[in-house]
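What follows is a single structure, written as structure tokens, with notes after it.
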């Protein structure tokens, strides 16, 4: 399997083809090589809808045996295509975290769409709230969309970024049942990514009230693999205020958080693109088995001030145990009002299902610079000794990027030698409006499409050269 996380220059060098040569191959029109990616841009540009394939003439002298081998290689190349991915959150479509994750996933060659709330909808769980007006009665968050605009619409600069005036779970439904089939050319994404939330979503209590996880559960119940991301850094920051370089000379925490989320998603995609498993509830064309999801909590990224925690490793955890908390009501005699406070109880920390040797999410987060990864399912039933269902090993589900907490040497989620240095000489200790812009223009989008086409062409040509 050709790893999809390699830059084209690295990929072609590993295939033994000079990068300069790989860029000079013409684009042909023969239907031999499967189209890489599934571009669904709303633009009618011919370049956007091209299929990048090898010409018949390359294969005139290849016999049937070689042809069969080529078909196998082409199938492998096709599995490296970009996926159709829906991204949503509960903090709003204009926040830095969701935009940075979107940017990173798009840069990896995936066809990504954001459909998220026009304003902060935190704490809604899986509550369904649909807009009761066809227009916004107030400006969206950060004033990106003004009052009076339609309650459903696109970002002014990117037609792959949609907002809707509704709860997080509703975003998923509106995306699946209207936005994607109407404007994206597909109705069922390969993967749904939610977040990264501003603030942790650890334990079963927050699992039940988090809008991020509510959207994730809605996705899973519609049969779509989903991953929920949350991060300690809790300040709502607009996407246009992401620092290129912080005072510490590093990338913005939102950028690093987006990179971490993309790294885990890509590792999972790569693992399942090369998988040959096919059981009753999982197959090689799914990122996760039916009914299975991931909940990921990322620690405080310290890049504003230091490099103390900028590349946390991913650690396998469980949702209960280790001091997870629920809530209690606290009465204030002076005001006569109630408020909530954390409350730890044995009921919240019972280990009934899964591997009880794993640390709880809060244990992982409190143990230092580590991100917790939990595998969960839509099945709430209590365990039964005579299991009639199909049980999937949670260890086997995850890529090697997710490690055991007691591993001898933990590797950072971005890789052992990853750099998080900033890209600008301008530094700031707080977010400023001099941000790294999103790849918004169709021209910039086409560069990404062209990069994927070059990758497809190089893989196919390498296969031919190997057999000749």
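Numbering (the working numbering), first residue to last: -2 to 465.
Beta carbons are placed, not taken as given, at the ideal position from N, Cα and C, and that holds for glycine.
Beta-carbon separation (whole angstroms), residue 128 vs residue 89, contact threshold 8 Å: Incorrect: roughly 15 Å between the Cβ atoms, too far for contact.
Simplified DSSP state of residue 209, which is helix, strand or coil: helix
Buried versus exposed, by CB contacts within 10 Å (16 or more), residue 94: buried
Start and end residues, alpha helix (DSSP H) containing residue 359: 358 to 363
Through-space distance from residue 357 to residue 338, alpha-carbon basis: 20 Å
Nearest-angstrom Cα separation, counted from residue 325 out to residue 331: 19 Å
Segment limits, beta strand (DSSP E) that includes residue 328: 323 to 329
Pairwise C-alpha distance: residue 182 and residue 81: 10 Å
Distance, residue 311 Cα to residue 408 Cα: 8 Å
Pairwise C-alpha distance: residue 145 and residue 362: 43 Å
Cutoff 8 Å; reference residue 136; Cβ partners in own chain excluding five residues on either side: 142, 143, 144
Proximal residues to residue 217 (C-beta, below 7 Å), its chain only, five neighbours per side dropped: 223, 288, 290, 375
Secondary structure of residue 190, DSSP reduced to three states: strand
4-residue-minimum alpha helix (DSSP H) runs that sit fully inside the stretch 99 to 130, ordered along the chain: none
Short Cβ contact (8 Å threshold) for residue 316 with residue 373: yes
Environment of residue 333 [buried if 16+ CB atoms lie within 10 Å]: exposed
Identity of the residues DSSP links to residue 367 by a beta bridge: None; residue 367 has no bridge partner.
6 Å Cβ shell around residue 366 - same chain, five flanking residues per side excluded: 296, 306, 309
Inter-residue CB distance, residue 349 and residue 199 (contact presumed, cutoff 8 Å): The pair is not a contact, with the Cβ atoms about 18 Å apart (cut-off 8 Å).
Residue range of the alpha helix (DSSP H) that includes residue 253: 250 to 270
Neighbour flag for residue 170 against chain C, beta carbons, 8 Å: Of the protein chains in this structure there is only one, and it is not chain C.
6 Å CB neighbourhood of residue 207 in its chain, flanking five on each side removed: 198
Beta-bridge pairing of residue 81 - partner residues as DSSP gives them: 108
DSSP three-state assignment for residue 435, whether helix, strand or coil: The pLDDT assigned to residue 435 is 44, lower than 50, so where the model puts this residue is not dependable, and the model offers no usable value.
Beta-carbon spacing of residue 263, residue 417 below 8 Å: no
Cα-Cα separation between residue 402 and residue 97, rounded to whole angstroms: 28 Å
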